[in-house]
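For the sequence shown, the numbering used here assigns the number 38 to the initial residue and increments by one for each residue that follows.
Glycine included, every Cβ here is placed at the ideal spot set by N, Cα and C.
These numbers were taken from a predicted model, which means no experiment stands behind them.
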Amino acid sequence: SLKAADTMLTIRGDIGTDVKHQGKLGYQLRVGNLSPWLALIDHEGSGALVLVGQAQGNFSDLKARGKITASSLIYRETAVQRASVDYDLGYSSVRPLPYGTVNLSLSDVGNGYRLQTIAGVVRISSEVAYLIELNVKARDAQGRTHTVTGNVKYQPELLVAQLTQLSLDLPNGLWRLFQ
Numbered sequence: 038s039l040k041a042a043d044t045m046l047t048i049r050g051d052i053g054t055d056v057k058h059q060g061k062l063g064y065q066l067r068v069g070n071l072s073p074w075l076a077l078i079d080h081e082g083s084g085a086l087v088l089v090g091q092a093q094g095n096f097s098d099l100k101a102r103g104k105i106t107a108s109s110l111i112y113r114e115t116a117v118q119r120a121s122v123d124y125d126l127g128y129s130s131v132r133p134l135p136y137g138t139v140n141l142s143l144s145d146v147g148n149g150y151r152l153q154t155i156a157g158v159v160r161i162s163s164e165v166a167y168l169i170e171l172n173v174k175a176r177d178a179q180g181r182t183h184t185v186t187g188n189v190k191y192q193p194e195l196l197v198a199q200l201t202q203l204s205l206d207l208p209n210g211l212w213r214l215f216q
C-alpha cells in the first residue's frame with residue numbers, strides 16, 4: 038500500500054512474468070482530490086476517483102476486470118457530477134489491440150451544452166481482429182434521447198470508421214440515419 042495525502046493505492050497478489058506463471062492480483066486506488074495530481078502535468082481540474090479491480094495471468098496473456106467511479110469531476114470546460122466505468126478486458130501478446138468490453142455511465146454532464154446522462158458500450162472483438170464497436174446513448178437537459186452506433190476497423194495500413202446508426206431527438210422532430 039502507498040498513501041499520499043488523500044490518495045491511497047493498494048495492490049495485493051502478483052502477475053506472472055513468464056508464460057508458465059499465472060498470477061492474480063487485486064488493486065484499489067482512491068483519490069479524494071484529483072487537483073494535485075493534475076497539477077503534476079500542468080493541468081487544472083478537480084474531483085474524486087475510486088478504482089477497484091483485479092487482474093490475472095501473465096505479461097503475455099493478461100485479463101483485467103474492475104470498476105472506476107468518480108464524482109464532481111471538472112476538467113477544462115467540462116463538468117461531470119457522477120461517472121462510472123466498468124471494464125472487462127484482455128491482452129494477448131499475439132494481438133496488437135486488447136479485447137473486451139467497457140461500459141460507461143456519466144450523469145449531469147456540462148460543457149456549454151448540458152446532458153442528463155451519457156451511457157455507452159465499447160466492445161473490442163476477440164473474434165475479429167481489429168474491430169471496435171461503439172454504442173452511445175445520451176439524454177439531454179430537455180429529456181430527449183440521442184443515440185449513435187458505429188464501429189472502427191483497424192488494419193496496420195488502413196483505419197475505417199463507420200457510423201451505422203444516428204438518432205437525434207431535436208425540438209422540431211426525430212432525425213435518423215440508418216445504414
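Task: Unbroken beta strand (DSSP E) run spanning residue 42, endpoints - done: Within the sequence shown, the letter at position 5 stands for residue 42. It is not in any beta strand (DSSP E) - residue 42 carries neither H nor E in the DSSP assignment.
- [ ] Give the DSSP bridge partners of residue 76, in chain order.
- [x] The sequence position of residue 76 within the sequence shown is 39, counting from 1. Answer is none; residue 76 lacks a bridge partner.
Task: Endpoints, the beta strand (DSSP E) within which residue 124 is located - done: Locating residue 124 in the sequence shown gives position 87, counting from the first residue. Run containing residue 124: 115-129, per the beta strand (DSSP E) assignment.
Task: Contained beta strand (DSSP E) runs [length at least 3] in the segment 77-111, N- to C-terminal order - done: 82-95
Open item on the list: Going by C-alpha to C-alpha distance, which of 96, 83, 153 and 38 sits closest to residue 113?
Closed with: The sequence position of residue 113 within the sequence shown is 76, counting from 1. For the residues 96, 83, 153 and 38, the minimum Cα distance to residue 113 belongs to 83.
Task: DSSP three-state assignment for residue 52, whether helix, strand or coil - done: Working through the sequence shown from its first residue, we reach residue 52 at position 15. The three-state secondary structure of residue 52, taken from DSSP, is coil.
Task: Other residues of its chain near residue 204: CB distance less than 6 Å, five sequence neighbours each side excluded - done: For the purposes of this step, residue 204 is taken as the residue at position 167 of the sequence shown. 184 and 213, listed in sequence order.
Open item on the list: Rounding to the nearest angstrom, what Cα-Cα distance links residue 135 and residue 41 in this structure?
Closed with: By one-based count along the sequence shown, residue 135 stands at place 98. By one-based count along the sequence shown, residue 41 stands at place 4. Residue 135 and residue 41: Cα-Cα distance of roughly 31 Å.
Open item on the list: Can you tell me whether residue 188 is helix, strand or coil according to DSSP?
Closed with: In the sequence shown, residue 188 corresponds to position 151, counting from 1. Residue 188: strand per DSSP, three-state reduction.
Open item on the list: Give me the residue from 60, 73, 76 and 149 with the minimum Cα distance to residue 99.
Closed with: Residue mapping note: residue 99 aligns to position 62 of the sequence shown, counting from 1. The shortest Cα separation from residue 99 among 60, 73, 76 and 149 belongs to 60.
- [ ] Tell me, please, which residues DSSP counts as bridged to residue 176.
- [x] Numbered from its first residue, the sequence shown carries residue 176 at position 139. Answer is 154 and 182.
Task: Whether residue 124 touches residue 146 by CB criterion (7 Å) - done: For the purposes of this step, residue 124 is taken as the residue at position 87 of the sequence shown. For the purposes of this step, residue 146 is taken as the residue at position 109 of the sequence shown. Result no, Cβ atoms of residue 124 and residue 146 do not sit closer than 7 Å.
Task: Helix, strand or coil at residue 204 according to DSSP, with G and I counted as helix - done: Residue numbering aside, residue 204 sits at position 167 when the sequence shown is read from its first letter. Of the three classes helix, strand and coil, the one that applies to residue 204 here is strand, per DSSP.
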